[in-house]
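S.K.: Submitted below is the structure of interest, expressed as structure tokens.
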Amino acid sequence: MHLVYPAVLAALLFCVGLYGVLARRNAVLMLMSVELMLNAVNLNLVAFDVWLRDILHAGQALTLFTITVAAAEIGLGLAIVLLIFRNRGTADIDRVGRLADGDETTGDIEKESGATVG
Amino acid sequence: MTLTLAILVPLLPFLGALAGLAAGRRAPGLVRPLAVLPTLAAAVLAVLVMVGLGPGHHLDAATQLTPTGGLPITLSFHLDGIAVLLAVLVTVVATCVQVYSTSYLREDPRYPSYAALVSLFTAAMLLVVYSGDLIVLLVGWEVMGVCSYFLVGHHWERPDARSASIKAFLVTKLGDVPFLFGIFVLASDAGTFRIDGVVAAAQTGQLPHATLAAILLLCGVAGKSAQFPLHTWLPDAMAGPTPVSALIHAATMVAAGVYLVARLEPVFLRSTAALVVLGIMAVITMIGSALCALAQDDLKRVLAYSTVGQLGYMAGALAVGDRDAALFHLITHGAFKALLFLCAGVVIHAAHTNSLTAMSRMDGLRRRVPDAYATMGLGLAALAGLPPFSGFFSKDAILTAAEHAANGEALTGGLGPAGNVPCWLGWTVLIGGLLTALLTAAYATRLWLLAFFPVRRPEQAAAPVAPTAAAAAALVSDEPAGPVEPPAMRAPLWLLAVPTLALGLVGLWPKALPAWLDGVSLTPSPVTWPIATAVALLGAGLAWLAWRRAAARVLAEAETDVGAAADPAPLLLGPLLAPARVGFGVDVFYDRVFVRPFLAAARLVSFLDREVVETYVKGAAGTPGLLGRAVRRAQNGNTQGYLSALAAGVVLLAVIVAVAQ
């Protein structure tokens, strides 16, 4: 199989993931999009490992490593999202800007989140 | 033994002041004893020190607490006849003032701090009197300046008291700066700060900069003793309570300047220029202040200007080289001026006004305050220099000294070369002194007549016309037959009346006082005393005649002009009245020349600071603020916004790298 197929697939997956991270409002969906981006990288690693016929299979080893890290990351991220949801009643990424440098632009958002907290 | 007692003399009032301040709030019952007893004890001890020292002796004691580098500063006492006599005067007057104040300020809520400050004032003056070291003397000198600031501003609710206290402080400090440098010049010439060392150096002619030192010292003396260019604070200081005026005018503060010149008289005798400056200053001061005193309407201001004039006499005596006469006058003046101020307090208390014009319309003041009436008469006679009273003898001693100096044989008492006193200076002081004697007798008579001899108007019997509603109410409501003042206010008057009457007679006894001083005779000389007495009687007579004419005019115009007063001053002074009433405009002149340009400069500096310098500061602070506000817009808390920027950045970098390759 030619290398271009997995490479294009990985690029598409990465772009979908990037789009999801930048465009989705829900924190869980953002985390899922991050997973998509990570897996696009994994796909690249495996594909290049095979194409380069690496004796040590460094690409595959790195893929296993990435999967482990991604599992830990998603566990941590979901725990945070869960806590945010419990505290604020929402997992909407736009509404958790309380630590932002308060200025007039986020005033309305602050008010909304304040109301939900109260 | 004498030394231990002498150390206790300034220490007791000082400890009394500390204890009084500490006890003020917690134990109000202790305040009065703590005010009176230490001062009284100091008075007794001062007398014991005087007796223990004996005439003609002196006692020096010094200890150095710590080496200071350079010239050593010693904690030293120099007790001689001058110091012990003056200490007795200071403590006696301070005791009278403290006793008087217990009654005069009975209702005052700030009495504890007042009494403590009076004690501290006394202690500082005693330190000046006993100190044998110029720097230690300066400490007492400055403590007095601060105390006078607080005491003159005792009624700080009133704006005139506030401004008077600030004025007193600033004007005396203006003189104190050159004074400090004068001490340094003197010490660097003589190689010591000890007064006996400086005097010894002066007598052997080892002071190369005697003129400079003497003139610098004179600035401080003019400030403290209220001599001509710096005299303006003293009349304004009348805003303080009357006992404080008695203390400042009689025994402390103003006496310090004269005392210092007397102490360092050998230095002044080294320099003709300094003597001339001192003499001219004295003559201008005495004539000007006597004219002002004649025109004043406020009882206390008349007395204040008379103090300035009498200090002028003392400065004149020092200028012609006779410090014995100056000290004699200082002591007698201390007694009768304290008496006059305490009397003025009683009179003002009874009349409810300071104004002589108002008093001249008030019936029965003589009956209400018989003690003050009698003792004030004695005090004014002494002030005018009428023969049997103390002021006559001391004033005549000064005139005698001036007369000798005019003949070229100044009575320096062996302190310095008599040839350094120019003859014309003797003539100037003599003529100025006689002219002032005339004016002094006139204003003393005027004060006496206006305060105690009301002009009876025909309609007054039916309906008394009182000057103010308050005074009228006071006169009508409480008119007791006997004296209205408590004994604590009357006893000091009679106590001070004794030296006022008798102290001058010491001058008749040729050896009594000179033995304590430098041995210069203080008996009235047959050349000057007939002239001085004639001049004083002439002044009193003129004032009386003018008063009679003024009274007659008041009676004649009684129907048309109800407000007229039988004031002899307009007749006596003529066109000089208006300028004399405002102190010849010296205050206005200083205001125009110094105060207003200074205030304008201060406003300019304030404008530059606020409008120019602060603009830079505000600009420096504002620009980063604006930048920060612009940058802060990026920090909106939107994670996806950040990530978008990050992704765009990565793409941009990738493109740049790709294009660059």
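Taken in sequence, the protein lines are chains A and B.
According to this note's numbering, the first sequence holds residues 37 to 154 in order.
According to this note's numbering, the second sequence holds residues 2 to 662 in order.
C-beta atoms are modelled at their ideal positions from N, C-alpha and C, and glycine is treated no differently.
List, in order along the chain, the chain A residues whose C-beta lies closer than 7 Å to that of B/T640?
M.R.: Chain A residues near B/T640: I129.
S.K.: Is there at least one Cβ from chain B nearer than 9 Å to A/G133's Cβ?
M.R.: Yes, contact with chain B.
S.K.: Considering only the alpha carbon of each residue, which of B/F78, B/V555, B/F393, B/K168 lies closest to B/A63?
M.R.: Selected option, being the one with the closest Cα: B/F78.
S.K.: Name the two residues that bound the continuous beta strand (DSSP E) containing B/F182.
M.R.: Taken as a continuous stretch (DSSP letters only), B/F182 belongs to no beta strand (DSSP E), being part of the alpha helix (DSSP H) at 160-191.
S.K.: Closest Cβ-Cβ distance between A/L72 and chain B: below 9 Å?
M.R.: No, because no Cβ of chain B sits closer than 9 Å to the Cβ of A/L72.
S.K.: Do you know offhand how far B/V456's Cα is from B/I332's?
M.R.: Cα to Cα, B/V456 sits roughly 36 Å from B/I332.
S.K.: What number of angstroms, rounded off, separates the C-alpha of B/V430 from the C-alpha of B/V614?
M.R.: Approximately 56 Å, taken between the alpha carbons.
S.K.: Closer than 9 Å by beta-carbon distance: list the chain B residues that pair up with A/L54, in chain order.
M.R.: What A/L54 touches in chain B: L644, A648.
S.K.: Strictly below 8 Å CB to CB, what residues from chain B border A/V57?
M.R.: What A/V57 touches in chain B: Q641, L644.
S.K.: Less than 9 Å separating the beta-carbons of B/A336 and B/V521?
M.R.: Against a cut-off of 9 Å, the Cβ pair of B/V521 and B/A336 comes out as no contact.
S.K.: Taking the alpha-carbon positions, what's the B/G586 to B/A570 distance?
M.R.: Computed Cα separation, rounded: 18 Å.
S.K.: Answer yes or no: does any C-beta atom of chain B fall closer than 9 Å to that of A/M66?
M.R.: Yes, its Cβ sits closer than 9 Å to a Cβ of chain B.
S.K.: Out of A/G56, A/R89, A/A46, A/L67, state which residue places its alpha-carbon closest to the alpha-carbon of A/T76.
M.R.: Checking the sequence shown, residue 76 of chain A turns out to be Ala, not Thr. Ranking A/G56, A/R89, A/A46, A/L67 by Cα distance to A/A76 puts A/A46 first.
S.K.: For a test of the three-state rule: what should DSSP assign to B/H155, helix, strand or coil?
M.R.: Coil, per DSSP.
S.K.: Opposite B/T64 in the DSSP bridges: which residues?
M.R.: Per DSSP, B/L76.
S.K.: Would you mind reading off the limits of the alpha helix (DSSP H) that contains A/L48?
M.R.: Note, A/L48: alpha helix (DSSP H), 40-59.
S.K.: To the nearest angstrom, how far is the alpha carbon of B/M315 from that of B/L328?
M.R.: If you take the alpha carbons of B/M315 and B/L328, they lie about 7 Å apart.
S.K.: Please return the same chain residues whose Cβ sits closer than 8 Å to the Cβ of B/I8, not counting the five positions on each side in sequence.
M.R.: For B/I8, where only same-chain residues beyond five positions count, the Cβ hits under 8 Å are F78.
S.K.: Would you list the one or two residues that DSSP bridges to B/D299?
M.R.: B/D299 pairs with B/S356.
S.K.: Out of curiosity, what's the CA-to-CA distance linking B/A661 and B/A648?
M.R.: If you take the alpha carbons of B/A661 and B/A648, they lie about 20 Å apart.
S.K.: Identify which residue in B/G21, B/V94, B/D61 has its Cα closest to the Cα of B/L341.
M.R.: Cα-wise, what sits closest to B/L341 is B/V94.
S.K.: Can you tell me which of the three DSSP states B/D237 falls into?
M.R.: Of the three classes helix, strand and coil, the one that applies to B/D237 here is helix, per DSSP.
S.K.: Would you give the residue range spanned by the alpha helix (DSSP H) that B/A551 belongs to?
M.R.: 529-557 is the extent of the alpha helix (DSSP H) around B/A551.
S.K.: To the nearest angstrom, how far is the alpha carbon of B/L572 from that of B/V172?
M.R.: Distance between the alpha carbons of B/L572 and B/V172 is about 34 Å.
S.K.: Just verifying my parser: in three-state terms, what is the DSSP assignment at A/D90?
M.R.: If DSSP states are grouped into helix, strand and coil, A/D90 belongs with coil.
S.K.: Can you tell which of B/A275, B/F194, B/G176 has its C-alpha closest to the C-alpha of B/I184?
M.R.: Of the candidates B/A275, B/F194, B/G176, the one whose C-alpha sits nearest the C-alpha of B/I184 is B/F194.
S.K.: Please confirm whether B/L319 and B/V255 have their CB atoms less than 9 Å apart.
M.R.: Cβ distance not < 9 Å, so B/L319 and B/V255 don't count as in contact.
S.K.: May I have the straight-line CA-CA distance separating B/L72 from B/L139, to the nearest angstrom?
M.R.: Cα-Cα distance, rounded: 16 Å.
S.K.: Hey, is the stretch 228-248 of chain B in contact with the stretch 79-98 of chain B, meaning 3+ C-beta pairs nearer than 8 Å?
M.R.: The answer is yes - the stretch 79-98 of chain B touches the stretch 228-248 of chain B, with three or more Cβ pairs under 8 Å.
S.K.: For B/C293, which residues from the same chain have a beta carbon less than 6 Å from its beta carbon, with the 5 sequence-adjacent residues on both sides left out?
M.R.: Correct list, in chain order: Y306, A581, G584.
S.K.: With distances taken between CB atoms, is the gap from B/V422 to B/T529 smaller than 9 Å?
M.R.: Cβ distance not < 9 Å, so B/V422 and B/T529 don't count as in contact.
S.K.: Applying the criterion that 16 or more other CB atoms from any shown protein chain within 10 Å of the CB defines a buried residue, is B/E404 buried or exposed?
M.R.: Buried: at least 16 other Cβ atoms inside 10 Å.
S.K.: Which residues share a DSSP beta bridge with B/S132?
M.R.: In DSSP, B/S132 forms a bridge with B/F78.
S.K.: Can you tell me the Cα-Cα spacing of B/L384 and B/A445, whole angstroms?
M.R.: The straight-line gap from Cα to Cα measures roughly 7 Å.
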